[in-house]
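Asks:
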Amino acid sequence: MNHWWIYKGGPAVPAEQRLARLARHRPPWRVFEGEVDPGHKVPSLDDDRYAADRMRGAGYIADDHEIDLVNTALLLRRPLLVTGVPGVGKSTLAYSIAEDLGLGPVLRWPITSRATLRDGLYRYDALRRLEDANLTRLRATSGEQPKAPGEPPGDGIGRYLQLGPLGTAFLPVERPRVLLIDEVDKCDIDLPGDLLTVLDEGRFDIPELARLSEHQPSVSVGTDDPGVRARITAGRVQCRAFPVVVLTSNGEREFPPAFLRRCIRLTIDRPGEDKLRRIVEQRIGAAASDAGQEELISTFTQLRELGELGTDQLLNAIQLRLAGAWTAPDEIRQLAEATLRPLSGPDAT
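133 is the number that the working numbering gives to position 133 of the sequence shown; each next residue is one higher, with no gaps.
#1: For a quick check, are the C-beta atoms of Arg203 and Phe170 less than 8 Å apart?
#2: Put Ile97 into one of helix, strand or coil per three-state DSSP.
#3: Since Asp100 contacts Tyr7 with CB under 8 Å, what's their CB separation in whole angstroms?
#4: Quick check: the Cα distance between Arg236 and Val221, rounded to an integer number of angstroms?
#5: Mind checking whether Arg229 and Phe32 have CB atoms under 8 Å apart?
#6: Give the range of the beta strand (DSSP E) segment to which Ile279 is assigned.
#7: Once you ignore the five residues that flank Gly34 on each side, which residues in its own chain have a CB closer than 6 Å to its CB?
#8: Of the residues Ala286, Ser91, Thr112, which one's Cα is nearest the Cα of Gly310?
#9: Any idea what DSSP makes of Leu130, helix, strand or coil?
#10: Going by other Cβ atoms of all chains shown within 10 Å of its Cβ, with 16 needed for buried, is Ser249 buried or exposed?
#11: Does the Cβ-Cβ distance between Asn316 and Thr339 come in under 8 Å?
#12: Could you give the uninterrupted runs of the beta strand (DSSP E) lying entirely in the stretch 42-110, keeping only those of 3 residues or more?
#13: What residue range does the beta strand (DSSP E) around Thr267 cover?
#14: CA-CA distance, Leu314 and Leu296?
#15: Please report the residue range of the alpha helix (DSSP H) in which Gly167 lies.
#16: For the candidate residues Gly158, Pro207, Leu75, whose alpha-carbon lies nearest to that of Leu22?
#17: Name, in chain order, the residues that DSSP records as bridge partners for Ala230.
#18: Can you tell me whether Glu183 is buried or exposed, with buried defined as 16 or more other CB within 10 angstroms of its CB?
#19: What number of angstroms, rounded off, separates the C-alpha of Glu331 from the C-alpha of Ala323?
#20: How would you call Gly150, buried or exposed, if buried means at least 16 neighbouring beta carbons within 10 angstroms?
#21: Output the distance between the C-alpha atoms of Thr112 and Ala52, rounded to the nearest integer angstrom.
#22: Kindly give me the distance between the Cβ atoms of Gly164 and Leu121, rounded to whole angstroms, as I take these residues to be in contact under 8 Å.
#23: In whole angstroms, give me the CA-to-CA distance for Arg304 and Tyr160.
#24: From this set, Asp200, Pro271, Gln162, which residue's C-alpha is nearest Arg261's C-alpha?
#25: Drop a sphere of 10 angstroms on the beta-carbon of Ser96, count the other beta-carbons inside from all chains shown, and report buried for 16 or more, exposed for fewer.
#26: Give the secondary structure of Glu151 by DSSP, where H, G and I count as helix, E and B as strand, and everything else as coil.
#27: Quick check: the stretch 35-43 against the stretch 253-270, are there 3 or more CB pairs under 8 Å?
#28: Within 10 angstroms of the Cβ of Pro153, are there 16 or more other Cβ atoms? Answer buried if so, exposed if not.
#29: Determine the direct distance from the alpha carbon of Ile318 to that of Arg54, and round the result to whole angstroms.
#30: Of the choices Trp326, Thr327, Leu93, whose alpha-carbon is the least far from that of Leu69?
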């Protein structure tokens, strides 16, 4: 363990101490002063709803090179752009950071070709607001009560606004959130450039709220955390602790130099046999040896030369054998056919 590491600091160094050291070492050009709302509570990873996320993060095996670059991004308050073939654990790295430092549930924004910056920041349901306004006028005209019995009290425009994963990550909190922007190479050509202002300045505006700031300076809105609301003042969201932004890419496209300049870039290589053994031991335990672990790892690495394979495919094969499937020595071909089909290459289909 290197003394400067914050992520993967080791069990002898509590997460609170590592986060305190992270807060002390802030680049002067990356200081953000959002005002923390003491009433806003970030969900805890200890909640049973996030047990699978914790298990996923705890099972990740990070090499020293990966840990070095994660900590570089943490200390410099810069996004981490993670590139690698499918199945090497790019997305799982984000869950590992959240679990290791106790930073709450990962906020995940899966990117599609239609994704826009606003999709990640917030959603405004203008149609529902118009329908509710018309309903209120109809009730008033007919002499009915403004609200039906049992209908929840209104919160003005805040009822129709919900922050997306990107917007929630930039709420002002004392400890950074982990934001996973997954498969960013699928995005429209303009999205990397659109992200630059938010990632540089650590803030964004909600025009629908900014226009009302004189009459309603503070508005409560929904967030990407289930059941959690946040209060927005003057229509602006400004972070305090810069989020841990992990962007994943399968390397299917190039990004603009201005975007790359602001990222710490990490390439995760395919795991070798030794790392595969450690992953299997971490995920499945000693029982894996009873399922012919060595034989399957050897078969996996041989087939990987013919086309890409994801590490989870190896875990699937071992799990099937533990369940009693294809356990005979001459059934390895059937097992490979079912679970170890390449993701690319001539045997992918």
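Glycine is no exception: its CB is placed at the ideal position from the N, C-alpha and C atoms.
Please read these numbers as outputs of a predicted model, since none were measured by experiment.
Replies: On the basis of the data shown:
#1: Along the sequence shown, one-based indexing puts residue 203 at 203. Along the sequence shown, one-based indexing puts residue 170 at 170. It is a contact, given that the beta carbons lie within the stated cut-off.
#2: Along the sequence shown, one-based indexing puts residue 97 at 97. The answer is helix: DSSP assigns Ile97 an H, G or I state.
#3: For the purposes of this step, residue 100 is taken as the residue at position 100 of the sequence shown. For the purposes of this step, residue 7 is taken as the residue at position 7 of the sequence shown. Yes, Asp100 and Tyr7 are in contact; Cβ-Cβ is about 6 Å, under 8 Å.
#4: For the purposes of this step, residue 236 is identified with residue 236 of the sequence shown, where counting begins at 1. For the purposes of this step, residue 221 is identified with residue 221 of the sequence shown, where counting begins at 1. Arg236 and Val221: Cα-Cα distance of roughly 12 Å.
#5: For this step, residue 229 is matched to residue 229 along the sequence shown. For this step, residue 32 is matched to residue 32 along the sequence shown. No.
#6: Counting from one through the sequence shown, the residue named residue 279 turns up at place 279. Run containing Ile279: none in the beta strand (DSSP E); it sits in the alpha helix (DSSP H), 273-283.
#7: Looking up residue 34 in the sequence shown gives position 34. Here the set comprises Pro172, Gln238, Cys239, Arg240.
#8: For the purposes of this step, residue 310 is taken as the residue at position 310 of the sequence shown. Selected option, being the one with the closest Cα: Ser91.
#9: The sequence position of residue 130 within the sequence shown is 130, counting from 1. In the structure shown, Leu130 sits in a helix (DSSP, three-state: H, G or I).
#10: Mapped onto the sequence shown, residue 249 falls at position 249. Looking at its Cβ environment, which holds 16 or more other Cβ atoms inside 10 Å, Ser249 is buried.
#11: Residue mapping note: residue 316 aligns to position 316 of the sequence shown, counting from 1. Residue mapping note: residue 339 aligns to position 339 of the sequence shown, counting from 1. In this structure, Thr339 lies closer than 8 Å to Asn316 by Cβ.
#12: 80-83, 107-110
#13: The residue labelled residue 267 in the question sits at position 267 within the sequence shown. Its beta strand (DSSP E) spans residues 264-267.
#14: Locating residue 314 in the sequence shown gives position 314, counting from the first residue. Locating residue 296 in the sequence shown gives position 296, counting from the first residue. Straight-line Cα distance between these residues: approximately 7 Å.
#15: For the purposes of this step, residue 167 is identified with residue 167 of the sequence shown, where counting begins at 1. Start and end: 165-169.
#16: On the sequence shown, position 22 is the one that residue 22 refers to. For the residues Gly158, Pro207, Leu75, the minimum Cα distance to Leu22 belongs to Leu75.
#17: As a first step, residue 230 must be located in the sequence shown, where it is residue number 230. Paired residues: Val221.
#18: For the purposes of this step, residue 183 is taken as the residue at position 183 of the sequence shown. Burial call: buried.
#19: Against the sequence shown, residue 331 aligns to sequence position 331. Against the sequence shown, residue 323 aligns to sequence position 323. The straight-line gap from Cα to Cα measures roughly 14 Å.
#20: Within the sequence shown, numbered from 1, the residue matching residue 150 stands at position 150. Since pLDDT at Gly150 reaches only 39, below the 50 mark, its modelled position is unreliable, and the value read off the structure follows with that caveat. Exposed: under 16 other Cβ atoms inside 10 Å.
#21: Counting from one through the sequence shown, the residue named residue 112 turns up at place 112. Counting from one through the sequence shown, the residue named residue 52 turns up at place 52. The alpha-carbon atoms of Thr112 and Ala52 are separated by roughly 24 Å.
#22: Walking along the sequence shown from the start, residue 164 turns up at place 164. Walking along the sequence shown from the start, residue 121 turns up at place 121. That pair is a contact at about 6 Å.
#23: Locating residue 304 in the sequence shown gives position 304, counting from the first residue. Locating residue 160 in the sequence shown gives position 160, counting from the first residue. Distance between the alpha carbons of Arg304 and Tyr160 is about 49 Å.
#24: Counting from 1 along the sequence shown, the entry for residue 261 is found at position 261. Among Asp200, Pro271, Gln162, the Cα nearest to that of Arg261 belongs to Asp200.
#25: Indexing the sequence shown from 1 puts residue 96 at position 96. So Ser96 counts as buried.
#26: Within the sequence shown, residue 151 is the residue found at index 151, counting from 1. Unreliable placement is indicated for Glu151, whose pLDDT of 39 sits below 50; the coordinate value is still reported in the next sentence. Here Glu151 sits in coil by DSSP.
#27: no
#28: Residue 153 sits at position 153 when you count from the first residue of the sequence shown. Because Pro153 carries a pLDDT of 40, less than 50, the predicted location of this residue cannot be relied on, and the following value inherits that uncertainty. Classification for Pro153: exposed.
#29: Looking up residue 54 in the sequence shown gives position 54. Looking up residue 318 in the sequence shown gives position 318. Taking the straight line from one Cα to the other gives about 22 Å.
#30: Counting from one through the sequence shown, the residue named residue 69 turns up at place 69. Here the closest residue by C-alpha is Leu93.
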